[in-house]
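Notes to accompany the following structure.
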Amino acid sequence: MTHVPSQTLTTRQGHPVHDNQNTRTIGSRGPATLENYAFLEKMSHFDRERIPERVVHARGTTAFGYFEAYGAYGDEPIAKFTRAKLFQEAGKRTDVAVRFSTVAGGRDSSEVARDPRGFAVKFYTEDGNWDLVGNNLGVFFIRDAIKFPDFIHSQKPDPVNFEAGVANRAFDFWSQSPEAMHMITILFSPRGIPADYRHQQGFGVNTYKWVNAQGEPVLVKYHWIPKQGVKSLTSEDAANIQASTLGSHTKDLYDAIEAGDYPEWELQVQVMEDHDHPELDFDPLDDTKVWPEELFPPKPVGRMVLNRNPENFFAENEQIAFGTGVLVDGLDFSDDKMLVGRTFSYSDTQRYRVGPNYLQLPVNSPKAKVATNQRDGQMAYHVDHAPGQNPHVNYEPSITGGVQETPKDESYHAAVGPEISGRLTQERIERTNDYKQAGERYQLQEDWEKEELIANLVGALSQCDRPIQERMVWHFYMIEDEMGRRVGDGIGVSLEDVRDLGPLPTQRLSEDELQRVANLG
Ligand code: HEM
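Residue numbers (my numbering): 5 to 525.
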């Protein structure tokens with residue numbers, strides 16, 4: 005290695021360090037003294053090097069690039085559907101940061117685990133940041149945010165002995181949560197372990213809205229389609245990789261970008277009129293469902309290229325913060341109960357995990373101008389006031405030079421939402437239909453994929469208690485007779501054993517599903 009001339013080492017106060025090898029002591033054998041600022045600073049900073057890892061998606065990696073708009077929604081002008089500026093002009097580029105992740109494991113866990121992958125994109129638009137925080141499988145295990153902490157606990161290590169990856173915990177929860185069946189049918193198929201982060205799709209999963217210049221909304225779902233194609237690993241492939249490295253995905257992405265082999269995804273969007281669509285057998289606000297592509301064809305709106313690696317993993321990956329509440333003009337929320345719950349959770353955890361001024365960090369800070377009266381708090385780095393703002397005025401309204409609201413001029417249109425009325429209640433949605441799309445997904449798989457799916461389910465369920473096995477087999481029969489029979493055969497649970505179980509007390513079954521229950525019996 006060539007000799008690199010050294011720079012002078014200093015403390016964080018800028019004082020030169022003359023000896024970085026020996027603690028200052030009285031005599032060469034000690035004792036040490038406590039007024040040794042350089043030592044105390046170095047050691048106490050080291051003691052604070054870690055911040056809490058993310059409570060979920062702790063293992064991940066970040067890359068940067070751009071999103072380039074097509075200026076159209078398929079062959080229609082995009083302005084018909086959304087006024088969001090980043091989409092309007094063909095060729096318009098917006099900087100992005102993307103963080104890919106696994107979900108359940110800790111920060112140093114295996115990247116070839118059977119686990120959904122996070123696919124979080126931050127668009128640094130001229131109107132402020134937009135975060136699209138999704139996954140690679142298109143649906144989710146639950147449809148109501150109130151279940152999320154329980155769901156995640158079931159995926160995490162046992163709280164007594166910290167044993168990780170306990171199938172009994174995961175399937176105990178799933179067996180009582182029939183809405184998870186669709187995602188389980190995908191997760192345990194070969195799609196459940198992507199080959200790497202480049203060869204996977206991404207999905208917004210939750211239902212959002214687009215709003216046009218007239219304030220008219222539509223419901224939308226987002227899809228990222230990899231130009232590289234989709235590649236997955238079998239359990240055996242994954243075990244072989246895991247035997248020698250835990251970080252194969254991060255390395256693959258970093259190496260590809262370093263080599264100039266920039267990964268690319270096309271953003272496609274499904275659009276639905278903004279109402280409850282009683283003609284569908286699912287609720288458009290249910291994130292355990294996909295929208296059939298023949299009815300709601302995904303159409304391209306732009307492409308994303310990742311062409312830059314982080315320079316500092318901690319600053320740009322550990323401290324980056326995404327959230328579903330981070331939308332720009334022309335994009336909006338739907339009443340999807342998961343989306344609403346998520347929108348509270350992300351910035352809440354980030355104020356704790358990174359600190360209340362996390363938005364002042366360069367990776368999180370919008371490229372758009374920020375001018376707020378929010379002040380102070382731990383690690384406040386600068387004051388977010390506007391150029392020319394009277395710095396004494398940190399309140400609004402004021403006639404002495406503070407910041408003012410943006411006028412509601414002719415360019416301002418609030419979204420025109422549906423009128424909503426109803427009693428305050430705690431109820432599941434009407435159209436749960438938990439098995440139909442799972443059955444369609446099962447049927448769509450090729451024979452070898454079904455083999456893998458069954459073998460993976462049998463492998464996991466053979467580690468579970470008998471009542472959990474039986475309930476899962478009952479659900480699989482509700483999905484598809486063949487799936488119930490094949491998993492049941494693998495773990496010694498027959499139709500006879502499960503047919504009298506009947507639905508869970510918490511289930512609401514459709515006419516078709518009641519018929520299926522009757523046919524089992
Ligand atoms: C990360 C909560 C559902 C995708 C996180 C984090 C929390 C959280 C607290 C850690 C954020 C941080 O520390 O910065 C929730 C809650 C959910 C939910 C409460 C349900 C109510 C989902 C769903 C998806 C998803 C349905 C996929 C569509 C992600 C991704 C990350 C993440 C990709 C990692 C973001 C990053 O890379 O920093 N979630 N989540 N989450 N979540 Fe969720």
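Beta carbons: idealized from backbone N, C-alpha and C, even for Gly.
On a predicted model such as this, the values are computed, not experimentally measured, just so you know.
Where V305 is concerned, the enclosing beta strand (DSSP E) starts and stops at K303 to R312. Under the rule that a run must span 4 or more residues, the alpha helix (DSSP H) segments found entirely inside the stretch 175-233 read 185-191. For N133, the uninterrupted beta strand (DSSP E) segment begins and ends at G132 to N139.
The criterion of a C-beta distance shorter than 8 angstroms is not satisfied by Q274 and P304. K96 sits in coil when the DSSP states are folded into three classes, being neither helix nor strand.
The criterion of a C-beta distance shorter than 8 angstroms is satisfied by W134 and L335. Linking L343 to S181 through their CA atoms gives a straight-line distance of about 19 angstroms. Judged by the Cβ position, H61 qualifies as a neighbour of the ligand HEM at the 7 angstroms threshold, a heavy atom of the ligand being closer than this. In this structure V502 touches V477 by the C-beta definition: roughly 5 angstroms separates them, less than 8 angstroms. Nearest to T129 by alpha-carbon distance, out of P401, L331 and K440, is L331. Secondary-structure assignment with DSSP links S236 through a beta bridge to P198. Non-local beta-carbon contacts of P507 in its own chain, meaning distances under 7 angstroms to residues more than five positions away in sequence, involve L513 and V521 in chain order.
Measuring C-alpha to C-alpha distances from N210 to each of P401, D451, T347 and D504 identifies T347 as the nearest.
Using a cutoff of 7 angstroms, the CB of N139 counts as near the ligand HEM, since one of the ligand's heavy atoms is closer than that. Under the criterion of beta carbons closer than 8 angstroms, E268 and N313 do not qualify as touching, at roughly 16 angstroms.
Distance from the C-beta of N377 to the nearest heavy atom of the ligand HEM is not below 7 angstroms. Y356 and S252 have their C-alpha atoms some 30 angstroms from each other. Note that the C-beta distance between F71 and V100 is below 8 angstroms. A73 has its Cβ no nearer than 7 angstroms to any heavy atom of the ligand HEM. Between N26 and Q467, the gap from beta carbon to beta carbon reaches 8 angstroms or more.
Judged by beta-carbon spacing, P366 lies beyond the 8 angstroms limit of Q382, meaning their Cβ atoms are not closer than that value.
By the Cβ criterion, the stretch 29-37 is not in contact with the stretch 271-291, since fewer than three pairs of Cβ atoms, one from each stretch, lie closer than 8 angstroms. Residue range L335 to F337 is occupied by the beta strand (DSSP E) that includes L335. Closer than 7 angstroms to some heavy atom of the ligand HEM: that does not describe the Cβ of N316. Looking at the DSSP output, P267 shares a beta bridge with no other residue. Our two residues, W228 and E270, have alpha carbons roughly 6 angstroms apart in a direct line. Under the DSSP assignment, R355 falls outside any beta strand (DSSP E), being part of the alpha helix (DSSP H) whose first and last residues are K341 to R357. At least one heavy atom of the ligand HEM lies less than 7 angstroms from the C-beta of Q354.
Q274 is bridged by DSSP to K225. In this structure, R111 sits near A62, with a CB-CB distance shorter than 8 angstroms.
In the three-state reduction of the DSSP assignment, P288 falls in the coil class. In the three-state scheme derived from DSSP, where H, G and I count as helix and E and B as strand, P81 is classed as strand. Annotation for D291 indicates a beta carbon within 7 angstroms of some heavy atom of the ligand HEM. Cβ-Cβ distances below 7 angstroms link S193 to Q449, E453, E456 and L457 in the same chain, with the five nearest sequence neighbours on each side left out; the list follows chain order. Distances between the C-beta of I324 and the heavy atoms of the ligand HEM include at least one below 7 angstroms.
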